[in-house]
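Worksheet: the structure to be examined is printed underneath.
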Amino acid sequence: MIMKTRKTFCLSIITSAIVLSSFHTIAAEQEEDGINIHGGVRVNYAYKDYSETSKDKGGDFTFDMASLRFDAKHGNWGLKSDYRFTANTNYIKFGYGYYDFNPEWQLQFGINKVPFGNLGYISNSYWFGLPYYLGFEDDHDIGVKAVYEHNGWQTDMAFYKGAEYGPTENKRYAADLYSGTINGTEYHNEETNQVNLRQSYTMEHQGGSTTFGASIEAGQIYNSETGNNGDRYAFAAHLDSTFNGWNLQLQAMQYEFNAADSANDNKIAVSVVSWQFEVASKGQVYSANIAKTIPTDWGNVKFYNDFGLMTPDVDDDSYDNSMQNVLGAAISAGPTYTQIDFIMGKNMTFSTANNDHIGLPEVGDDWDKRFNVSVAYYF
């Protein structure tokens, strides 16, 4: 029960950025020289149908996080950063400098967003999509990235020397490889020397636009105990289309972690937001999301359903599929943003009672359910 309580708190802080970034996208694109300090505060209510403690108390209402963002620009040079404070920890989401060579080319250096998958997010909900928990959605690492945009085309090329924190650290915004002991298995893995390439094209059409894209990621896995290097890769095809207030997101991806001198080649450890868990070392992930935004006099309401499926592709036949479905609504009104989510998980970390992993052998055979409300104020 202690583990699940901690996991509930951890998950309450992982998705606060999804709206904060969206709120400031337009402002960032129109930035003028100067300094801008802004941020947000979020609180969270969670009710777990699979927890007797949660049901007895009628759920839990907690402080989620406070975010402090700093943007500065002078001529073609600029800085961006986002730092998070929670009830029991703090960590950086991103912090990088950039240089605009011209309106088409920008170079970013520091902790910046890894270009993989859909240009924005492969999710609409507070809970993020399944790729997030594997390190393939809204991840930020230390490196250099070049971005080219022209006539609907966008090319992202990047090299990352490593993750934003060391491999033994579990306080981090997005998932990275973890070095430590989980369920009796020792891991000594560290991400290093990663390259990314993403190509996308946005086609404008009546009623909206459609973005087609493909991504590839490759890198090494350093074993700190033996000094040997393994390798890893991932590739994805993705689509994001809007039409008269409707939005469809589709993504299919393949990933593989080949750690050197591994105690078990079928699984590997990752950490995120003060927690760590195991995932299948190889598999496919499929995402399908649909949303409808309805404008109002005071803001807008977006209804959505996000579905994710992970199919392990390892040598152990006992490894099972993991699934997550989030049905929800997001309400935008002035500086506030509220997300109401009904989450169902099967063999999935954070959203199930007994399966704190992704793609490993399942304990039981049920869909677990929980209800979540997040309220944020941005300034």
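Using mature numbering (1 follows the signal peptide of the UniProt record, and there is no 0), the letters of the sequence shown map in sequence onto residues -27 to -1, 1 to 352.
The beta carbon of each residue, even a glycine, is placed where N, CA and C say it ideally should be.
Any idea if K134 is buried or exposed, counting beta-carbon neighbours within 10 angstroms, 16 or more meaning buried? exposed
Once DSSP output is grouped into helix, strand and coil, what is the label at L92? coil
Where do the ends of the beta strand (DSSP E) carrying E251 lie? 248 to 253
Since G108 and A45 should fall inside the 8 angstroms C-beta cutoff, what is the C-beta to C-beta distance between them, to a whole number of angstroms? With a Cβ gap of about 29 angstroms, G108 and A45 do not count as contacting.
How many angstroms separate the CA atom of L150 from the CA atom of Q179? Each residue's alpha carbon lies about 43 angstroms from the other.
Mapping DSSP to helix, strand and coil, what is D339? coil
Excluding the five sequence neighbours on either side, which residues of its own chain have a C-beta within less than 6 angstroms of the C-beta of S244, listed in chain order? N143, Y151
Pull the bridge partners of V258 from the DSSP assignment, please. M226, M283
L52, DSSP secondary structure in three states: L52 falls in the strand class under three-state DSSP.
In whole angstroms, what separates the C-alpha of S(-6) from that of A306? For S(-6), the predicted model reports a pLDDT of 41, less than 50, meaning its position is unreliable; a value from the coordinates is still stated below. Looking at the two C-alpha atoms, the distance is approximately 14 angstroms.
Taking C-beta to C-beta, are E77 and I95 nearer than 7 angstroms? Between E77 and I95, the gap from beta carbon to beta carbon reaches 7 angstroms or more.
Host beta strand (DSSP E) of D314 (start-end): Counting along the chain, the beta strand (DSSP E) containing D314 begins and ends at 309 to 319.
Could you compute how far the alpha carbon of G272 sits from the alpha carbon of I304? 8 angstroms
Report yes if the C-beta of T35 is less than 6 angstroms from at least one heavy atom of the ligand NAD; otherwise report no. No copy of the ligand NAD occurs in the structure displayed, which carries no ligand at all.
Cross-strand partners of G83 (DSSP beta bridge): Y69, G116
Would you check if the segment 161 to 171 and the segment 61 to 70 touch, i.e. whether three or more CB-CB distances between them fall below 8 angstroms? no
Sequence-distant residues of the same chain with beta carbon closer than 7 angstroms to G32, five excluded per side: In its chain, beyond the 5 residues on either side, Y18, A19, Y20 have a beta carbon closer than 7 angstroms to the beta carbon of G32.
Three-state secondary structure assigned by DSSP to S(-16): Model confidence at S(-16) stands at a pLDDT of 44, short of 50, so the residue's coordinates are unreliable and nothing is read from them.
Can you check whether the CB of D329 is closer than 7 angstroms to the CB of T322? The beta carbons of T322 and D329 sit closer together than 7 angstroms.
Distance between D286 and F216 (C-alpha atoms, nearest Å): 36 angstroms
Can you name, in chain order, every residue of its own chain whose Cβ lies under 7 angstroms from the Cβ of M176, other than the five neighbours on each side? G125, S182, T183
To which residues of the same chain is N220 closer than 6 angstroms at the C-beta, ignoring the five residues directly before and after it? Correct list, in chain order: A264.
Can you round the beta-carbon distance between I194 and A233 to whole angstroms, since I take them to be within the 8 angstroms contact cut? 7 angstroms
Nearest CA to the CA of Y64: which residue from G48, Q81, M38, K53? M38
Using a Cβ-Cβ cutoff of less than 6 angstroms, which residues in the same chain neighbour L300 once the five nearest sequence positions on both sides are dropped? Cβ-Cβ distances below 6 angstroms link L300 to N278, F315 in the same chain, with the five nearest sequence neighbours on each side left out; the list follows chain order.
C-alpha distance - A209 paired with N162, whole-angstrom precision: Distance between the alpha carbons of A209 and N162 is about 24 angstroms.
Where does K30 fall in DSSP's three states? Here K30 sits in helix by DSSP.
Length of the line joining the Cα atoms of Q312 and T269: If I take the Cα positions, the gap works out to 16 angstroms.
Looking at the structure shown, is E190 part of a helix, part of a strand, or coil, going by DSSP? In the structure shown, E190 falls within a strand segment according to DSSP collapsed to helix, strand and coil.
Alpha carbon to alpha carbon, how far is K255 from A119? 29 angstroms
C-beta contact flag for F352 and H11 at 7 angstroms: yes
Per DSSP, cross-strand counterpart(s) of F132: Its beta-bridge partners are V117, V168.
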